[in-house]
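Chains as they are written, first to last, in the numbering used here: chain V, 1 to 245; chain X, 1001 to 1429. Note that the Cβ used here is the ideal one computed from N, Cα and C, for glycine as well. Since the structure is predicted, the reported quantities are computational estimates derived from the model, not experimental observations.
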Ligand code: SF4
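Right under this line is the structure:
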């Protein structure tokens, strides 16, 4: 098997796609260095991330296929699943042949595969838009911690930049030691390692208490249904939810 | 009384209200403001009963001068009462919002002192939120029947959605159970909201800066099973509300027995399955091009609770089927049980490229378990029972899960009903 290994950046992935296009030895798989496990049988090529090449692929997706295709590709990449890069590669091979129409090819296995993982990421993003919980940790700074399955913090930030536009906030992905930080005008992504427990001031404690009160009293007790609740709001998210922790 | 105790009482009093949707508005944040609305709505949590929490759903007060028989807040009922001030509600909303607990506020109220006083308090609350807190998140307020139209009008300028509860499906029902409420008093604010909403839409087309009036439109809610009304009457009513008042949603709420009253039916359980069938039929009205008269009639005025309305319709009109998936027109595809709006669109898109196989239908998301009886795919018919409508009816009938305590009580468990509801929300009927 021929395997392309890249550096786990989106640009790296697009470079790999570029290289795959202009080589005779087409890869059977593309993996990130994070998941790559060397063995004796496979022929491995390490891809050097190249901005010019990756930009070319990026533009080609937008121009020759569609913005929608780019979104699928990017979201699939953010899924951080082992097979995502290979699935993206197979999808793009078809997409460059088919053009705009590709996402209508709903009976094709490869198209369905990428739709499936990109949808997972989109869904988690949408769910997390609701589940992020800010705490007022000091005057005029709101902090939220999350541990999502996929690398979505950059997808969340634009939403909160518009919505919570008059407050400083940090959304901290504790799993990836990364945070989106907003200073009332711009947001940016930065590495963040912050392990301390947060102690709440009186005001914060009051509103957390009130939210828990509300949460408890809005439920119809005779219709308790934990199974349904968990299917919408899986327990792995509870640690960071005020009403559930 | 402490704010926490008020919240306990007034959240509890609002919990049976079914509408919690925060969709339909795309209000933008303003400079130095907080909040915006998401057009498709966002759920922020799910309560212990599995329902989505999107808005802070509370009553301003549960003190009531009226005595509607079906309502827990009726004046003659002995229960703890509380009232928020407009400022308290505004503070709660803004602080919950800043922590991303909620999408906004859904404020309703019992009638304290008189309708005008109550409406004034509601108006003050939303005014404080919009003007003092510069809040641009979602607000849904109930208009109080009988209140001055000027108050209702002004409120509409601050909110995203306004609704008036129609309460009961018929005038007779109102007379019997809520004698202090008049049909005219309910219809009046409804038509006012419709008129203002349309007028402001037109004005905004010409002048972008003219104020929006309840841009997410209006909805209403009615109670099912507290009166003798048939499904046919209820559905006709909804159809009328959608057509005449351009309502966004009609919510149906299975009557929860709250007390004994000579005019109230005695029910062991809320009629949730019936409520569910009405939601399905309502969906057929709004998105599938059906009319109430096609689904029910004087001879069959109630839905078969064991069969979903679309299957029922298809079997009653079996001569129209089977249809060929690769040829049928969109509106006919929509009428096939197991094909939803999304899959119908996908079928149209996919078959332009290549004929669709039976296997391909599954990938597209068609529920073949139901659809197979009504379609052919590249000329082939796949049902194992053949084209026999009585056999098909049998296979499509829901085998009710009998509750172990009472074997005669045909009821789906709540889990199933809510799961079914989800499938309505995604629209694959
Ligand atoms: S007016 Fe509303 S709150 Fe008061 S008793 Fe009637 S339904 Fe209940």
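Judged by DSSP secondary structure, residue 2 of chain V falls within the beta strand (DSSP E) whose first and last residues are 2-6. Beta-bridge analysis with DSSP links residue 1045 of chain X to X/1053. Straight-line measurement puts the Cα of residue 1166 of chain X at about 16 Å from the Cα of residue 1231 of chain X. Chain V places no beta carbon closer than 7 Å to that of residue 1283 of chain X, leaving this residue out of the contacts. Fewer than three pairs of CB atoms, one per stretch, sit closer than 8 Å, so the stretch 1066-1083 of chain X makes no contact with the stretch 1127-1136 of chain X. DSSP places residue 135 of chain V inside the beta strand (DSSP E), whose first and last residues are 135-138. In this structure, residue 1037 of chain X has its beta carbon at no less than 6 Å from each heavy atom of the ligand SF4. Contact with chain V is found for residue 1099 of chain X, since one of that chain's Cβ atoms lies less than 7 Å from the residue's Cβ. For residue 211 of chain V, a Cβ of chain X is located within less than 7 Å of the residue's own Cβ. For residue 1099 of chain X, no beta strand (DSSP E) segment is defined, and its DSSP state is neither H nor E. Taking the Cβ of residue 1263 of chain X as the reference point, every heavy atom of the ligand SF4 lies at 6 Å or farther away. Taking the Cα positions, residue 1239 of chain X is about 7 Å away from residue 1292 of chain X. Between residue 16 of chain V and residue 30 of chain V, the C-beta spacing is below 7 Å. For residue 1363 of chain X, the three-state secondary structure derived from DSSP is helix.
With the criterion set as a beta carbon lying under 9 Å from some beta carbon of chain X, the members of the stretch 123-142 of chain V are 126, 127, 129, 130, 131, 132, 133, 134, 135, 136, 142, in sequence order. In the DSSP assignment, residue 1009 of chain X falls within the alpha helix (DSSP H) that extends over 1003-1012. Look at the stretch 1286-1358 of chain X and you find no whole run of beta strand (DSSP E) that is 3 residues long or longer. Judged by pairs of C-beta atoms under 8 Å, the stretch 1223-1230 of chain X touches the stretch 1171-1178 of chain X, as three or more such pairs exist. Taking C-alpha positions only, residue 94 of chain V is separated from residue 84 of chain V by approximately 16 Å.
For residue 1161 of chain X, the enclosing beta strand (DSSP E) covers residues 1161-1163. With respect to residue 214 of chain V, residue 1011 of chain X sits close: the two C-beta atoms are nearer than 7 Å.
One thing to note: residue 1119 of chain X has its Cβ within 7 Å of the Cβ of residue 1147 of chain X. If you ignore the 5 residues before and after residue 1113 of chain X, its C-beta comes within less than 8 Å of the C-beta of 1065, all in its own chain and listed in chain order.
Secondary structure at residue 243 of chain V: coil, using DSSP grouped into helix, strand and coil.
In the structure shown, residue 1199 of chain X falls within a helical segment according to DSSP collapsed to helix, strand and coil.
Cβ neighbours of residue 1287 of chain X within its own chain (closer than 6 Å, five residues either side excluded): 1341. Of all alpha-carbon atoms in V/176, V/126, V/26, V/221, the one lying nearest the alpha-carbon of residue 89 of chain V is that of V/26. In this structure, the ligand SF4 has a non-hydrogen atom nearer than 6 Å to the beta-carbon of residue 1111 of chain X.
Taking 7 Å as the threshold, the shortest C-beta distance from residue 1029 of chain X to chain V falls below it. In this structure, residue 77 of chain V sits near residue 10 of chain V, with a CB-CB distance shorter than 7 Å. When beta bridges are read from the DSSP output, residue 1253 of chain X appears opposite X/1223. Rounded to the nearest whole angstrom, the C-alpha separation of residue 1257 of chain X and residue 1390 of chain X is 37 Å. Contact between the stretch 1293-1303 of chain X and the stretch 1381-1395 of chain X is absent: fewer than 3 CB-CB pairs across the two stretches fall below 8 Å.
According to DSSP, residue pairing for residue 1167 of chain X in a beta bridge involves X/1222. Contact residues of the stretch 199-226 of chain V toward chain X are 203, 204, 206, 207, 208, 209, 210, 211, 213, 214, 215, 216, 217, 218, 219, 220, 221, 222, 223, 224, 225, 226 (C-beta to C-beta distance below 9 Å). Taking a Cβ-Cβ cut-off of 7 Å, the neighbours of residue 1346 of chain X in chain V comprise 106, given in sequence order.
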